[in-house]
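S.K.:
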Amino acid sequence: MRFYTTSIALALLIPATLCAQSARRIAVIAANGPLERANPIFALGEDRVTEALKGKLADLPGITLVAQGDLDTILKTQNLQNSDRASADTASRIGRILNAEGIVLVNLVNGSQTQHQENTRASAKTVAVVEAEASARLVNVESGATIAQPSSTFKESAVAVEIKTFPVYKTSGQGLPATFNDLWTKATESLTSDLASKLKDALSQVSPASNAAAALASDPPKVIGIDNGNVFLNKGSNAGIKLGDRFQIVRNSPTSLKNDDGTPILNRQKVCTLKIDTLSPDGKNASGACPGGVPQPKDQAEPFQP
(Lines of atoms letter the chains of each structure in order from A and count residues from 1; the text may use other names and numbers.)
(Lines give C-alpha, C1' and ligand atoms only; values in the text may rest on other atoms or scores of the structure.)
Protein backbone atom coordinates (compact mmCIF):
# COMPACT_ATOMS: atom_id res chain seq x y z
CA MET A 1 0.00 0.00 0.00
CA ARG A 2 2.90 2.36 0.71
CA PHE A 3 4.29 1.85 -2.81
CA TYR A 4 0.86 2.50 -4.29
CA THR A 5 0.50 5.75 -2.33
CA THR A 6 3.96 6.95 -3.39
CA SER A 7 3.22 6.18 -7.03
CA ILE A 8 0.01 8.20 -6.90
CA ALA A 9 1.88 11.11 -5.32
CA LEU A 10 4.54 11.03 -8.02
CA ALA A 11 1.94 10.82 -10.75
CA LEU A 12 0.28 13.94 -9.39
CA LEU A 13 3.56 15.77 -8.84
CA ILE A 14 5.18 15.21 -12.25
CA PRO A 15 2.47 16.90 -14.35
CA ALA A 16 2.37 19.82 -11.94
CA THR A 17 6.14 20.21 -12.24
CA LEU A 18 5.99 20.11 -16.03
CA CYS A 19 3.22 22.69 -16.11
CA ALA A 20 5.23 24.97 -13.85
CA GLN A 21 8.11 25.03 -16.32
CA SER A 22 7.57 27.94 -18.69
CA ALA A 23 8.08 27.40 -22.39
CA ARG A 24 11.29 28.78 -23.83
CA ARG A 25 10.74 31.57 -26.35
CA ILE A 26 12.77 30.89 -29.49
CA ALA A 27 13.26 32.99 -32.64
CA VAL A 28 14.08 31.24 -35.92
CA ILE A 29 15.48 33.41 -38.73
CA ALA A 30 17.42 33.02 -41.96
CA ALA A 31 21.08 33.94 -41.43
CA ASN A 32 21.17 35.74 -44.81
CA GLY A 33 24.90 35.19 -45.32
CA PRO A 34 27.11 36.36 -48.23
CA LEU A 35 25.92 33.60 -50.57
CA GLU A 36 22.25 34.44 -49.99
CA ARG A 37 22.80 38.19 -50.39
CA ALA A 38 24.63 37.63 -53.67
CA ASN A 39 22.23 35.06 -55.13
CA PRO A 40 18.45 35.57 -54.83
CA ILE A 41 17.84 31.90 -55.62
CA PHE A 42 19.83 30.85 -52.54
CA ALA A 43 17.99 33.46 -50.48
CA LEU A 44 14.66 31.95 -51.52
CA GLY A 45 15.96 28.48 -50.73
CA GLU A 46 17.17 29.56 -47.30
CA ASP A 47 13.79 31.16 -46.55
CA ARG A 48 12.08 27.92 -47.59
CA VAL A 49 14.25 25.84 -45.27
CA THR A 50 13.76 28.36 -42.44
CA GLU A 51 9.96 28.25 -42.70
CA ALA A 52 9.94 24.45 -42.81
CA LEU A 53 12.23 24.24 -39.76
CA LYS A 54 9.88 26.54 -37.84
CA GLY A 55 7.08 24.09 -38.45
CA LYS A 56 9.18 21.24 -37.06
CA LEU A 57 10.33 23.16 -33.96
CA ALA A 58 6.81 24.42 -33.23
CA ASP A 59 5.77 20.83 -32.55
CA LEU A 60 8.41 20.35 -29.83
CA PRO A 61 7.18 20.53 -26.21
CA GLY A 62 8.34 23.46 -24.09
CA ILE A 63 9.01 25.71 -27.11
CA THR A 64 7.21 28.90 -28.11
CA LEU A 65 8.25 30.45 -31.41
CA VAL A 66 8.39 34.20 -31.95
CA ALA A 67 5.66 35.29 -34.39
CA GLN A 68 6.74 36.05 -37.95
CA GLY A 69 5.18 39.51 -37.77
CA ASP A 70 7.38 40.43 -34.81
CA LEU A 71 10.47 39.14 -36.65
CA ASP A 72 9.65 41.16 -39.77
CA THR A 73 9.16 44.31 -37.70
CA ILE A 74 12.52 43.92 -35.96
CA LEU A 75 14.43 43.19 -39.17
CA LYS A 76 12.90 46.30 -40.74
CA THR A 77 13.34 48.72 -37.83
CA GLN A 78 16.90 47.53 -37.19
CA ASN A 79 17.79 47.70 -40.92
CA LEU A 80 18.62 44.01 -41.07
CA GLN A 81 16.46 42.91 -44.03
CA ASN A 82 19.49 42.69 -46.34
CA SER A 83 22.25 42.26 -43.76
CA ASP A 84 24.23 39.31 -42.46
CA ARG A 85 22.62 38.32 -39.17
CA ALA A 86 25.00 35.48 -38.35
CA SER A 87 27.27 37.24 -35.85
CA ALA A 88 26.72 36.42 -32.18
CA ASP A 89 26.30 40.12 -31.30
CA THR A 90 23.64 40.67 -33.96
CA ALA A 91 21.82 37.46 -33.04
CA SER A 92 21.81 38.37 -29.34
CA ARG A 93 20.59 41.89 -30.09
CA ILE A 94 17.70 40.58 -32.19
CA GLY A 95 16.87 38.05 -29.48
CA ARG A 96 16.84 40.64 -26.69
CA ILE A 97 14.56 42.95 -28.64
CA LEU A 98 12.18 40.04 -29.25
CA ASN A 99 12.41 38.97 -25.60
CA ALA A 100 13.58 35.53 -26.74
CA GLU A 101 15.84 33.20 -24.79
CA GLY A 102 17.35 31.56 -27.86
CA ILE A 103 17.72 32.31 -31.55
CA VAL A 104 18.20 29.78 -34.36
CA LEU A 105 20.10 31.04 -37.41
CA VAL A 106 19.34 28.93 -40.48
CA ASN A 107 21.90 28.77 -43.28
CA LEU A 108 21.57 27.09 -46.67
CA VAL A 109 25.23 26.17 -47.08
CA ASN A 110 24.99 24.69 -50.55
CA GLY A 111 22.43 23.66 -53.12
CA SER A 112 22.55 22.44 -56.70
CA GLN A 113 20.46 20.67 -59.29
CA THR A 114 21.93 18.82 -62.27
CA GLN A 115 20.80 16.43 -64.95
CA HIS A 116 22.43 13.66 -66.96
CA GLN A 117 21.58 10.94 -69.43
CA GLU A 118 21.56 7.21 -68.76
CA ASN A 119 21.20 5.39 -72.07
CA THR A 120 20.96 1.71 -72.93
CA ARG A 121 20.01 -0.15 -76.09
CA ALA A 122 16.42 -0.35 -74.85
CA SER A 123 15.88 3.10 -73.29
CA ALA A 124 17.12 6.63 -72.75
CA LYS A 125 16.67 8.24 -69.33
CA THR A 126 16.99 11.86 -68.26
CA VAL A 127 17.93 11.83 -64.59
CA ALA A 128 17.55 14.81 -62.25
CA VAL A 129 19.87 15.17 -59.24
CA VAL A 130 19.49 17.53 -56.27
CA GLU A 131 22.17 18.09 -53.62
CA ALA A 132 21.79 20.39 -50.62
CA GLU A 133 23.35 21.17 -47.25
CA ALA A 134 21.91 23.29 -44.45
CA SER A 135 22.92 24.19 -40.91
CA ALA A 136 21.16 25.69 -37.90
CA ARG A 137 23.11 27.57 -35.22
CA LEU A 138 21.42 27.89 -31.82
CA VAL A 139 22.59 30.97 -29.91
CA ASN A 140 21.87 31.67 -26.24
CA VAL A 141 20.61 35.26 -26.20
CA GLU A 142 21.65 35.85 -22.59
CA SER A 143 25.32 34.95 -23.11
CA GLY A 144 25.74 35.11 -26.89
CA ALA A 145 27.29 31.64 -26.81
CA THR A 146 26.65 29.07 -29.53
CA ILE A 147 24.93 26.08 -27.91
CA ALA A 148 24.80 23.86 -30.98
CA GLN A 149 25.39 24.06 -34.72
CA PRO A 150 24.10 20.90 -36.39
CA SER A 151 24.21 20.44 -40.15
CA SER A 152 22.45 18.12 -42.56
CA THR A 153 23.03 16.99 -46.14
CA PHE A 154 20.77 15.63 -48.86
CA LYS A 155 21.43 13.99 -52.23
CA GLU A 156 18.89 12.16 -54.33
CA SER A 157 18.16 11.49 -57.98
CA ALA A 158 15.00 10.65 -59.91
CA VAL A 159 14.16 9.80 -63.49
CA ALA A 160 12.49 12.80 -65.08
CA VAL A 161 11.90 11.34 -68.54
CA GLU A 162 12.34 7.82 -69.91
CA ILE A 163 12.01 6.88 -73.57
CA LYS A 164 11.76 3.14 -74.17
CA THR A 165 12.54 1.92 -77.67
CA PHE A 166 12.18 -1.81 -77.11
CA PRO A 167 10.06 -3.85 -77.21
CA VAL A 168 7.51 -1.01 -77.62
CA TYR A 169 8.23 2.67 -78.03
CA LYS A 170 6.97 4.48 -74.93
CA THR A 171 7.65 7.79 -73.18
CA SER A 172 7.09 8.25 -69.43
CA GLY A 173 7.97 10.68 -66.65
CA GLN A 174 6.77 14.11 -65.53
CA GLY A 175 9.65 16.13 -66.99
CA LEU A 176 12.57 17.99 -65.45
CA PRO A 177 10.79 21.02 -63.85
CA ALA A 178 8.28 18.90 -61.93
CA THR A 179 10.93 16.34 -60.96
CA PHE A 180 13.29 19.03 -59.66
CA ASN A 181 10.42 20.56 -57.68
CA ASP A 182 9.62 17.19 -56.09
CA LEU A 183 13.27 16.63 -55.21
CA TRP A 184 13.59 20.06 -53.60
CA THR A 185 10.46 19.38 -51.57
CA LYS A 186 12.01 16.11 -50.37
CA ALA A 187 15.29 17.90 -49.66
CA THR A 188 13.56 20.54 -47.53
CA GLU A 189 11.67 17.89 -45.58
CA SER A 190 14.78 15.76 -45.04
CA LEU A 191 17.06 18.65 -44.02
CA THR A 192 14.61 20.24 -41.59
CA SER A 193 13.53 16.96 -39.98
CA ASP A 194 17.17 16.10 -39.36
CA LEU A 195 18.03 19.57 -38.02
CA ALA A 196 14.99 19.64 -35.73
CA SER A 197 15.93 16.25 -34.31
CA LYS A 198 19.49 17.41 -33.65
CA LEU A 199 18.32 20.68 -32.08
CA LYS A 200 15.79 19.04 -29.78
CA ASP A 201 18.18 18.29 -26.90
CA ALA A 202 20.17 21.50 -27.39
CA LEU A 203 17.07 23.67 -26.99
CA SER A 204 16.68 22.43 -23.41
CA GLN A 205 20.08 24.01 -22.65
CA VAL A 206 18.89 27.52 -23.48
CA SER A 207 19.00 29.64 -20.34
CA PRO A 208 15.57 30.87 -19.25
CA ALA A 209 15.30 34.63 -19.55
CA SER A 210 15.72 36.67 -16.43
CA ASN A 211 12.49 38.03 -15.00
CA ALA A 212 12.61 41.29 -16.92
CA ALA A 213 9.12 42.35 -15.83
CA ALA A 214 9.98 42.04 -12.15
CA ALA A 215 13.24 43.93 -12.67
CA LEU A 216 11.46 46.75 -14.50
CA ALA A 217 8.82 46.94 -11.78
CA SER A 218 11.42 47.19 -9.00
CA ASP A 219 13.54 49.73 -10.88
CA PRO A 220 11.25 51.50 -13.38
CA PRO A 221 12.70 53.34 -16.38
CA LYS A 222 12.56 57.11 -16.37
CA VAL A 223 11.56 59.58 -19.04
CA ILE A 224 14.52 61.34 -20.68
CA GLY A 225 12.48 63.73 -22.78
CA ILE A 226 10.34 64.15 -25.88
CA ASP A 227 11.60 64.42 -29.45
CA ASN A 228 9.34 64.75 -32.52
CA GLY A 229 6.38 63.68 -30.42
CA ASN A 230 8.06 60.49 -29.18
CA VAL A 231 8.67 59.92 -25.48
CA PHE A 232 12.14 58.48 -24.78
CA LEU A 233 13.05 56.26 -21.81
CA ASN A 234 16.47 55.70 -20.27
CA LYS A 235 16.21 51.92 -20.71
CA GLY A 236 15.77 49.70 -23.75
CA SER A 237 16.05 46.11 -24.93
CA ASN A 238 19.09 45.51 -22.69
CA ALA A 239 16.71 45.87 -19.74
CA GLY A 240 14.13 43.54 -21.27
CA ILE A 241 11.88 46.13 -22.92
CA LYS A 242 10.39 44.90 -26.20
CA LEU A 243 8.25 46.31 -28.97
CA GLY A 244 4.61 46.66 -28.01
CA ASP A 245 5.29 46.96 -24.26
CA ARG A 246 3.12 49.50 -22.48
CA PHE A 247 4.12 51.69 -19.54
CA GLN A 248 2.09 53.92 -17.25
CA ILE A 249 3.90 57.26 -17.04
CA VAL A 250 3.67 58.42 -13.43
CA ARG A 251 4.75 61.71 -11.86
CA ASN A 252 5.41 61.72 -8.12
CA SER A 253 5.47 65.22 -6.62
CA PRO A 254 5.73 66.19 -2.93
CA THR A 255 2.78 67.76 -1.16
CA SER A 256 2.71 70.05 1.87
CA LEU A 257 1.63 67.08 3.99
CA LYS A 258 4.07 64.90 5.90
CA ASN A 259 4.15 61.36 7.22
CA ASP A 260 4.66 60.58 10.92
CA ASP A 261 8.38 60.21 10.29
CA GLY A 262 8.58 63.66 8.73
CA THR A 263 8.92 62.59 5.11
CA PRO A 264 6.68 64.41 2.63
CA ILE A 265 3.61 62.66 1.30
CA LEU A 266 3.87 62.27 -2.46
CA ASN A 267 1.10 63.00 -4.91
CA ARG A 268 0.99 60.26 -7.56
CA GLN A 269 -0.27 61.53 -10.90
CA LYS A 270 -0.89 59.26 -13.88
CA VAL A 271 0.19 61.22 -16.95
CA CYS A 272 -0.44 58.90 -19.90
CA THR A 273 0.12 55.38 -21.21
CA LEU A 274 3.24 54.90 -23.34
CA LYS A 275 3.36 52.19 -26.02
CA ILE A 276 6.85 51.25 -27.19
CA ASP A 277 7.25 51.23 -30.97
CA THR A 278 10.99 51.86 -31.35
CA LEU A 279 14.06 50.36 -29.68
CA SER A 280 17.52 51.86 -30.10
CA PRO A 281 20.07 49.60 -31.86
CA ASP A 282 22.42 49.75 -28.84
CA GLY A 283 19.67 48.50 -26.51
CA LYS A 284 19.90 51.50 -24.18
CA ASN A 285 16.69 53.37 -25.02
CA ALA A 286 13.07 52.84 -25.96
CA SER A 287 10.49 55.27 -27.27
CA GLY A 288 6.92 55.59 -28.43
CA ALA A 289 3.76 57.66 -28.40
CA CYS A 290 2.01 58.66 -25.18
CA PRO A 291 -1.33 60.23 -26.10
CA GLY A 292 -3.36 62.09 -23.51
CA GLY A 293 -0.56 63.70 -21.54
CA VAL A 294 2.81 65.43 -21.64
CA PRO A 295 5.53 63.51 -19.76
CA GLN A 296 8.42 65.36 -18.20
CA PRO A 297 12.03 64.27 -17.64
CA LYS A 298 12.40 61.98 -14.60
CA ASP A 299 8.77 60.83 -14.72
CA GLN A 300 8.64 57.10 -13.98
CA ALA A 301 7.54 54.51 -16.54
CA GLU A 302 5.89 51.67 -14.65
CA PRO A 303 4.93 48.43 -16.45
CA PHE A 304 1.28 48.84 -17.41
CA GLN A 305 -1.22 46.91 -15.30
CA PRO A 306 -4.61 46.64 -17.06
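Numbering (my numbering), first residue to last: 2 to 307. Using N, Cα and C, we set each Cβ at its ideal position, and we do this for glycine too. Keep in mind that this is a model prediction, so the values were computed, not measured.
(1) Under the assumption that Glu37 contacts Leu81 (Cβ atoms under 8 Å), give the Cβ distance between them as a whole number of angstroms.
(2) In angstroms, rounded to a whole number, what distance separates the CA positions of Leu196 and Asn253?
(3) Relative to the C-alpha of Ile95, which candidate in Pro151, Gln150, Val29 has its C-alpha closest?
(4) Where DSSP assigns a beta bridge to Ala28, which residues make up the other side?
(5) Taking the runs of the alpha helix (DSSP H) that are 4 residues or longer, which of them lie wholly in the region 78 to 133?
(6) Using beta carbons (cut-off 9 Å, strictly below), is Ile242 in contact with chain C?
(7) Can you name the residues that DSSP bridges to Cys273?
(8) Would you mind giving the Cβ-Cβ distance between Ala218 and Leu184, rounded to the nearest angstrom? I have them listed as a contact below 8 Å.
(9) If you follow the beta strand (DSSP E) that Thr186 is part of, which residue opens it and which one closes it?
(10) Quick check on the burial criterion: 16 or more other C-beta atoms within 10 angstroms. Buried or exposed for Gln22?
(11) For Gln22, which three-state DSSP category applies?
(12) Return helix, strand or coil for Ile242, following the three-state DSSP convention.
(13) What are the start and end residues of the alpha helix (DSSP H) that includes Leu36?
(14) Thinking just about the alpha-carbon of each residue, which of Thr189, Ala137, Ser124, Thr147 is nearest to the one in Lys171?
(15) What span of residues does the beta strand (DSSP E) with Val162 cover, start to end?
(16) Provide the residue span of the beta strand (DSSP E) that contains Thr172, from first to last.
(17) In whole angstroms, give me the CA-to-CA distance for Lys259 and Pro265.
(18) So what does Ile227 bridge to, in DSSP terms?
(19) Excluding the five sequence neighbours on either side, which residues of its own chain have a C-beta within less than 8 Å of the C-beta of Thr51, listed in chain order?
(20) Alpha carbon to alpha carbon, how far is Thr166 from Ile64? Give it in angstroms, no decimals.
(21) Under a three-way DSSP split, which group does Glu303 fall into?
(22) So, helix, strand or coil for Lys57, using DSSP?
(23) Just mark Phe305 as buried or exposed, buried being the case when its beta carbon has 16 or more other beta carbons within 10 Å.
(24) Can Leu192 and Ala135 be called in contact, C-beta distance under 9 Å?
(25) Would a C-beta distance cut-off of 9 Å place Arg86 and Asn33 closer than the cut-off?
(26) Helix, strand or coil for Val140 per DSSP?
(27) Reducing DSSP to helix, strand and coil, say where Ser281 ends up.
(28) Measuring straight from C-alpha to C-alpha, what distance separates Ser153 and Val207?
(29) Quickly, what does DSSP pair Leu267 with across the bridge? List them, please.
(30) Checking 9 Å against the spacing of the C-beta atoms, do Ala133 and Phe155 come in under that value?
M.R.: In short, the structure shows the following:
(1) Not confirmed; about 13 Å, so no contact.
(2) 53 Å
(3) Val29
(4) Ile104
(5) List check, alpha helix (DSSP H) in window: 89 to 98.
(6) Note that chain C does not occur in the displayed structure, where there is just one protein chain.
(7) Ile250
(8) Contact doesn't hold; Cβ gap of about 54 Å is too wide.
(9) Premise fails: Thr186 lies in the alpha helix (DSSP H), 177 to 204, not in any beta strand (DSSP E).
(10) Since pLDDT at Gln22 reaches only 46, below the 50 mark, its modelled position is unreliable, and the value read off the structure follows with that caveat. With fewer than 16 other beta carbons inside 10 angstroms of its own, Gln22 counts as exposed.
(11) Below a pLDDT of 50, predicted positions are generally treated as unreliable, and Gln22, at 46, falls in that range; no measurement from the model is reported.
(12) coil
(13) 35 to 39
(14) Minimum Cα distance to Lys171 is reached at Ser124.
(15) 152 to 165
(16) 171 to 173
(17) Linking Lys259 to Pro265 through their CA atoms gives a straight-line distance of about 4 Å.
(18) Val232
(19) Val29, Ile30, Ala31, Val107
(20) Ile64 and Thr166: Cα-Cα distance of roughly 56 Å.
(21) strand
(22) helix
(23) exposed
(24) yes
(25) yes
(26) In the structure shown, Val140 sits in a strand (DSSP, three-state: E or B).
(27) When DSSP states are grouped into helix, strand and coil, Ser281 belongs to the coil group.
(28) 22 Å
(29) Pro255
(30) yes
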